[in-house]
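Colleague: Structure in structure tokens, see below.
Number of protein chains: 2
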Amino acid sequence: MEQNPNFISRYIPNSITLLSLCCGLSSVRYSIISEWKIAVFLILLASIFDFFDGWFARKLKGDSNFGAELDSLSDFVSFGIAPSLLIFFWSLSELKSIGWSVALFFSVCAALRLARFTADIYLAPKTINKKIYFVGVPSPAAALLSLLPIFVYFEFDFYFFKNPYLNLLNIIIISLLMISKIPTVSLKSINFNKKYTPLIILLIVICCVGIISNVWLSLVIISIIIYVLYFIQL
Amino acid sequence: MEQNPNFISRYIPNSITLLSLCCGLSSVRYSIISEWKIAVFLILLASIFDFFDGWFARKLKGDSNFGAELDSLSDFVSFGIAPSLLIFFWSLSELKSIGWSVALFFSVCAALRLARFTADIYLAPKTINKKIYFVGVPSPAAALLSLLPIFVYFEFDFYFFKNPYLNLLNIIIISLLMISKIPTVSLKSINFNKKYTPLIILLIVICCVGIISNVWLSLVIISIIIYVLYFIQL
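Those protein sequences? They're chains A and B, same order as listed.
Count the first sequence with this note's numbering and you get residues 5 to 238, in order.
Count the second sequence with this note's numbering and you get residues 5 to 238, in order.
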């Protein structure tokens, strides 16, 4: 995979990966001081950077072993550690060591998921199947689903969603989905049929308008759709 | 590297890696609630597990791509994120965003170091040189050096060592050592000459006795020796 040592193609994707890592770490810092909204936004920002670093790496043909390793480390922090600490401090900490065990369980499952994914890159030459299907819920989606109770809480002020037992159950389900062999379509690599282009643009516009006008409600709807899609496949 | 799919040889090293990861994450938890001593011990425990997982993987010939990836993720948490957050909360937080930037810098350098190291495993067939020399200070050594001011503070009660500017300088130096090309002898792989065996056993006994009778002083001495050894090579 080490093919194009061009300056820009090497450094742009890796710099974006490092930005994603910094967002994930800073999210931990804000979780600790109970600045929940900032912590959530930093995880979302990390997922946007994560999308673009992969996109740039493919466009600039700069994907390297080094980039894949760095991406794995950054993903683990932003979508494994940051969400689990956020949910722990926000809700699970009431359950003390049981809450901490479940937060650890989520991080461990994220590590297993990412290690399997990154190790697979080296095993076989990439087939089309590998590009289209992830095996197990990818960590950014898992991070989003783990934060669903927070989104509902912020939008509707339902105090029930801060309940530690509800969050415990949610985190356990998502952790198991991560290490399961459930197939997942990777949006990044689908070659959409051209006739769907206007529809897809419309969908993207609806998402953007939704997020700008009511970020929490949009996140609730997106997370529920993803959740339902996974349960249909089970 | 995927050669021996034996149950024990696969699961023992990876389980030890996961224990190391859990120690690293729990260290973060204790740093946050200012339980500095527990946080330091958990990082030290993680480094012991880290040593043994590599050792078991070699002995049981169970080293796999998956194990290497998992090890990289666990090392990053235990020796990149946990020490930087510990030093941040213990001292650097007085400097607010400057302190945070330096903590982030340490984590980013640890990520770069680990990504380079893991990516290199796949690049070339392992040569003897690769086994004996690490390039750049390895992350467990870096973690130990970054904690040196804490060890001194606990042993001698010198309040000066909690000074954020001193810690800032220390963290920056170690971060740069991590991403430098400084060669490092890997203790794990040296084939010691048999006539040195009694000497080495004596050295190990002295270390163990020292750590049991006065843990902080021993850690101070070990860290200073490592520090000096690196600066001799510069």
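We put the CB at the ideal spot given by N, CA and C, even for glycine.
With DSSP as the reference, label Ile-132(B) as helix, strand or coil.
Modeller: Within the second sequence, residue 132(B) is the residue found at index 128, counting from 1. The predicted model places Ile-132(B) with a pLDDT of 41, which falls under 50 and marks its position as unreliable; any figure quoted below should be read in that light. Looking at Ile-132(B) - three-state DSSP - the assignment turns out to be helix.
Colleague: What does Leu-1(B) touch in chain A if you count any residue whose Cβ is under 9 Å from its own?
Modeller: Nothing can be reported for residue 1(B): it is not among the residues displayed for chain B, which extend from 5 to 238.
Colleague: Could you tell me which of Ala-43(B), Gly-28(B), Thr-188(B) sits nearest to Ser-35(B), measuring between CA atoms?
Modeller: Taking the second sequence and counting its residues from 1, the one referred to as residue 35(B) is at position 31. When each option's Cα is compared against that of Ser-35(B), the closest is Ala-43(B).
Colleague: Roughly how many angstroms separate the alpha carbons of Ile-125(A) and Ser-227(B), rounded to a whole number?
Modeller: Counting from 1 along the first sequence, the entry for residue 125(A) is found at position 121. Counting from 1 along the second sequence, the entry for residue 227(B) is found at position 223. Spanning the two alpha carbons is a distance of roughly 38 Å.
Colleague: Within its chain, find whatever has a CB closer than 7 Å to the CB of Asp-57(B); leave out the 5 residues flanking it on each side and keep chain order.
Modeller: Along the second sequence, one-based indexing puts residue 57(B) at 53. Cβ neighbours of Asp-57(B) beyond the five flanking positions: Pro-17, Ile-20, Thr-21, Ser-24, Asp-75.
Colleague: Measure from the C-beta of Thr-122(B) to each C-beta in chain A and report whether the shortest distance is under 7 Å.
Modeller: Stepping through the second sequence from its first residue, residue 122(B) is reached at position 118. Taking Cβ atoms only, chain A reaches closer than 7 Å to Thr-122(B), which makes this a yes.
Colleague: State the Cα-Cα distance for the pair Met-5(A) and Phe-70(A), rounded to the nearest angstrom.
Modeller: As a working note, residue 5(A) is residue 1 in the first sequence. As a working note, residue 70(A) is residue 66 in the first sequence. Confidence at Met-5(A) is low in this model, with a pLDDT of 44, below 50, so its placement is unreliable and no value can be given for it.
Colleague: Drop a sphere of 10 angstroms on the beta-carbon of Trp-59(A), count the other beta-carbons inside from all chains shown, and report buried for 16 or more, exposed for fewer.
Modeller: For the purposes of this step, residue 59(A) is identified with residue 55 of the first sequence, where counting begins at 1. That one is exposed.
Colleague: Go ahead and label Thr-131(A) buried or exposed: buried means 16 or more other beta carbons lie within 10 angstroms of its beta carbon, across all protein chains shown.
Modeller: Here the question's residue 131(A) lines up with position 127 in the first sequence. Note that Thr-131(A) scores 49 on pLDDT, short of 50, meaning its location in the model is unreliable; the coordinates nonetheless yield the value given after this. So Thr-131(A) counts as exposed.
Colleague: Could you name the residues of chain A that Ile-85(B) contacts, counting a contact when the two beta carbons are closer than 9 Å?
Modeller: Indexing the second sequence from 1 puts residue 85(B) at position 81. Under the 9 Å cutoff, chain A gives Leu-29, Val-32, Val-81, Ile-85.
Colleague: With which residues is Pro-187(A) paired in a DSSP beta bridge?
Modeller: Translated into positions along the first sequence, residue 187(A) becomes position 183. Per DSSP, Val-139(A).
Colleague: Rounded to the nearest angstrom, how far is the Cβ of Ser-30(B) from that of Leu-46(B), given a contact under 8 Å?
Modeller: In the second sequence, the residue the question calls residue 30(B) occupies position 26. In the second sequence, the residue the question calls residue 46(B) occupies position 42. Contact holds; Cβ gap of about 5 Å.
Colleague: Could you check what DSSP says for Leu-151(B) in three-state terms: helix, strand or coil?
Modeller: Position 147 of the second sequence, counting from 1, holds the residue named residue 151(B). In the structure shown, Leu-151(B) sits in coil (DSSP, three-state: anything other than H, G, I, E or B).
Colleague: Once the 5 residues before and after Ala-115(B) are set aside, which same chain residues still bring their CB inside 7 Å of it?
Modeller: As a working note, residue 115(B) is residue 111 in the second sequence. Result list for Ala-115(B): Phe-80, Gly-84, in chain order.
Colleague: Which of the three DSSP states is assigned to Phe-45(A) in this structure?
Modeller: For the purposes of this step, residue 45(A) is taken as residue 41 along the first sequence, with counting starting at 1. If DSSP states are grouped into helix, strand and coil, Phe-45(A) belongs with the helices.
Colleague: Provide the residue span of the alpha helix (DSSP H) that contains Glu-73(B), from first to last.
Modeller: As a first step, residue 73(B) must be located in the second sequence, where it is residue number 69. Where Glu-73(B) is concerned, the enclosing alpha helix (DSSP H) stretches over 69 to 80.
Colleague: Confirm, please, whether the CB-CB distance from Ile-175(B) to Ser-143(B) is below 7 Å.
Modeller: Here the question's residue 143(B) lines up with position 139 in the second sequence. Here the question's residue 175(B) lines up with position 171 in the second sequence. Not a contact, by the Cβ cut-off of 7 Å.
Colleague: Taking the alpha carbon of Ala-119(A) as the point to measure from, which residue in Leu-77(A), Pro-87(A), Lys-199(A), Ile-205(A) has its own alpha carbon closest?
Modeller: In the first sequence, counting from the first residue as 1, residue 119(A) sits at position 115. Comparing Cα-Cα distances from Ala-119(A) to each of Leu-77(A), Pro-87(A), Lys-199(A), Ile-205(A), the minimum goes to Leu-77(A).
Colleague: Counting only C-beta atoms, is Phe-70(B) closer than 7 Å to chain A at any point?
Modeller: The residue labelled residue 70(B) in the question sits at position 66 within the second sequence. Taking Cβ atoms only, chain A reaches closer than 7 Å to Phe-70(B), which makes this a yes.
Colleague: Can you check whether the C-beta of Ile-132(A) is within less than 7 Å of a C-beta belonging to chain B?
Modeller: One-based indexing of the first sequence puts residue 132(A) at position 128. Residue placement at Ile-132(A) is poorly supported in this model, since its pLDDT is 42, which falls under 50; the coordinates still yield a value, given next. So, not an interface residue.
Colleague: Alpha carbon to alpha carbon, what distance is there between Met-182(B) and Phe-121(B)?
Modeller: Residue 121(B) sits at position 117 when you count from the first residue of the second sequence. Residue 182(B) sits at position 178 when you count from the first residue of the second sequence. Roughly 11 Å between the two C-alpha positions.
Colleague: Is it the case that the segment 152 to 164 of chain B contacts the segment 210 to 224 of chain B, given that we only count it when at least three CB pairs across the two stretches are under 8 Å?
Modeller: Yes, since at least three Cβ pairs between the segment 210 to 224 of chain B and the segment 152 to 164 of chain B fall closer than 8 Å, the two stretches touch.
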